[in-house]
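For the record, in the sequence shown the residue sitting at position 246 is 1017 according to this note's numbering, with numbers rising by one throughout. Where a beta carbon is used, it is the ideal one built from N, C-alpha and C, also for glycine. Here's the structure, in structure tokens; my notes come after.
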Amino acid sequence: MLSLDFSRSHEEMSLKMIDHIVDEHNIEIDSESLKKTKEMVVAGSEYASSESMKEKRFLYDIVANGRNGIDVDKFDYIVRDSRACGLGCNFEFRRLLETMRVIDDEICYRAKEYLTIHKLFATRADLHRTVYMHAKVKAIELMVIDALLKANDHLKISSFIDQPAEYWKLDDSILKTIETAPDQELKESRDLILRIRRRDLYQFCNEFSVPKDRLEHFKDITPQDIICSQKNSSITLKEDDVSVSNVRINLTRGRNNPLESIKFFKQDFESDEKFPIQDDRISHLLPAGYEDRIVRVYSKSLNWFVEAVSEAFENFQLKTYRMKAQVHDTPEKKKRRR
């Protein structure tokens, strides 16, 4: 099985792509402007270490806010995706744009907009739960990943990662390339893509939310963890029969409250006083936790494997947590036709 280094960030690749675009298309841009552009891209990431960013840092926070996560990128995709999915948007970003101000090189917000900002993070979390991390969406994602991994030896897809001149070509069309290629080496990948087209997806077996007291030391669950928990069964599961999706949903700051990193000011726009606000001063109805870890298990094989995978998953929970934390009951055994 191919093992790829997924430690690369999209910010890191963005810097390489900017350099490639400038060089490839002979774009006339002075070195200082190019430097500023690249600094804007990485402002909210681990790569933000430039001394020049210390001056007027609030300008960088507009694009990629590493302090608290409030930036125009979130404004854009939250409104866009909420409307595109017909969910409606309970967050009104214009209220923030009209009342924010800069104090001591930091974007601050009127104290009365605390709940508006909370809606921003809550709406983002809802989108992750109901759209981006939906069980069916993750099933398709797992199948696409498997199709690409199986095609990699033949198409050398992973070799494009460090080559901006090739990397930009990797869009959804790669699936059509695999789907229409006659090469025998791509048959397994073609079959997976055909299953996606027919909506013959990996079968969802069950899921559980990691108990709150286990979140701090939680490690991602693997297919090996599941099959090693199998007891007596007429079917012996293999690692390739199981797929696991470890889902993380939070308010952008892991298990911490992002609003604790935000500074507010009072109604008076003339005052330069800024201060944090504890959530219990606003409402006792706000959540006490800020992150969910959900483990979903899928069967890659035919329907009768679902029962075996589900039972193994249940055994894993009992062995690990001494409880069944799963959402749904394990499917009842069905008699097979002879």
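Supposed contact pair residue j and residue i - C-beta distance, whole angstroms, cut 8 Å
{"i": "residue 895", "j": "residue 884", "result": "Contact flag wrong, Cβ pair sits at about 16 Å."}
{"i": "residue 1035", "j": "residue 838", "result": "Contact doesn't hold; Cβ gap of about 14 Å is too wide."}
{"i": "residue 925", "j": "residue 959", "result": "Their Cβ separation, rounded to whole angstroms, is 10 Å, which puts residue 925 and residue 959 out of contact at 8 Å."}
{"i": "residue 1016", "j": "residue 909", "result": "4 Å"}
{"i": "residue 1009", "j": "residue 998", "result": "7 Å"}
{"i": "residue 847", "j": "residue 835", "result": "Not a contact, Cβ separation roughly 12 Å."}
{"i": "residue 922", "j": "residue 928", "result": "7 Å"}
{"i": "residue 874", "j": "residue 1043", "result": "6 Å"}
Residue of the options minimising C-alpha distance to residue i
{"i": "residue 948", "options": "871, 1064, 877, 965", "result": "965"}
{"i": "residue 812", "options": "828, 797, 1084", "result": "828"}
{"i": "residue 1081", "options": "1091, 1089, 1092, 1069", "result": "1069"}
{"i": "residue 1026", "options": "878, 931, 921, 1061", "result": "1061"}
{"i": "residue 969", "options": "853, 914, 878", "result": "914"}
{"i": "residue 1052", "options": "886, 780, 826, 1091", "result": "886"}
{"i": "residue 903", "options": "1021, 922, 963, 992", "result": "1021"}
{"i": "residue 1048", "options": "879, 1012, 899", "result": "879"}
{"i": "residue 1005", "options": "1084, 875, 1078", "result": "1078"}
{"i": "residue 900", "options": "1018, 1057, 1037, 933", "result": "1018"}
{"i": "residue 939", "options": "1045, 791, 888", "result": "791"}
{"i": "residue 936", "options": "1100, 1083, 793", "result": "793"}
{"i": "residue 825", "options": "1076, 877, 988, 1050", "result": "877"}
{"i": "residue 1014", "options": "893, 831, 1084", "result": "1084"}
{"i": "residue 1045", "options": "987, 872, 831", "result": "872"}
{"i": "residue 950", "options": "864, 918, 943, 961", "result": "961"}
{"i": "residue 985", "options": "796, 1088, 1075, 800", "result": "1088"}
{"i": "residue 1076", "options": "1095, 1097, 870, 1012", "result": "1012"}
{"i": "residue 1037", "options": "1050, 856, 870, 864", "result": "870"}
{"i": "residue 856", "options": "830, 905, 831", "result": "905"}
{"i": "residue 934", "options": "1074, 1059, 868, 795", "result": "795"}
Opening and closing residue of the beta strand (DSSP E) in which residue i lies
{"i": "residue 872", "result": "872–874"}
{"i": "residue 974", "result": "974–980"}
{"i": "residue 1070", "result": "1062–1070"}
{"i": "residue 838", "result": "Looking at the DSSP string, residue 838 is not in any beta strand (DSSP E), and its letter there is neither H nor E."}
{"i": "residue 1014", "result": "1013–1021"}
{"i": "residue 881", "result": "877–881"}
Under 8 Å between C-beta atoms of residue i and residue j
{"i": "residue 815", "j": "residue 1023", "result": "no"}
{"i": "residue 1092", "j": "residue 982", "result": "yes"}
{"i": "residue 1001", "j": "residue 1086", "result": "yes"}
{"i": "residue 781", "j": "residue 1057", "result": "no"}
{"i": "residue 842", "j": "residue 849", "result": "no"}
{"i": "residue 945", "j": "residue 911", "result": "no"}
{"i": "residue 972", "j": "residue 907", "result": "yes"}
{"i": "residue 852", "j": "residue 891", "result": "no"}
{"i": "residue 963", "j": "residue 893", "result": "no"}
{"i": "residue 931", "j": "residue 920", "result": "no"}
Alpha helix (DSSP H) segment containing residue i, residue limits
{"i": "residue 793", "result": "781–795"}
{"i": "residue 885", "result": "885–898"}
{"i": "residue 938", "result": "935–938"}
{"i": "residue 1080", "result": "1075–1092"}
{"i": "residue 948", "result": "944–951"}
{"i": "residue 806", "result": "802–813"}
{"i": "residue 995", "result": "994–998"}
{"i": "residue 964", "result": "958–968"}
{"i": "residue 915", "result": "906–926"}
**Message:** Count Cβ pairs between the region 1018–1036 and the region 857–869 that sit closer than 8 Å; are there 3 or more?
**Reply:** Flag = no, the region 1018–1036 and the region 857–869 do not touch.
**Prompt:** Is the region 967–978 close to the region 1065–1081, with three or more CB pairs under 8 Å?
**Reply:** Yes, they touch.
**Asked** How about the region 783–795 and the region 804–811: do they share at least three Cβ pairs that are nearer than 8 Å?
**Response** Using a Cβ-Cβ distance cut-off of 8 Å, the region 783–795 and the region 804–811 are in contact, since at least three pairs of beta carbons, one from each stretch, lie closer than that value.
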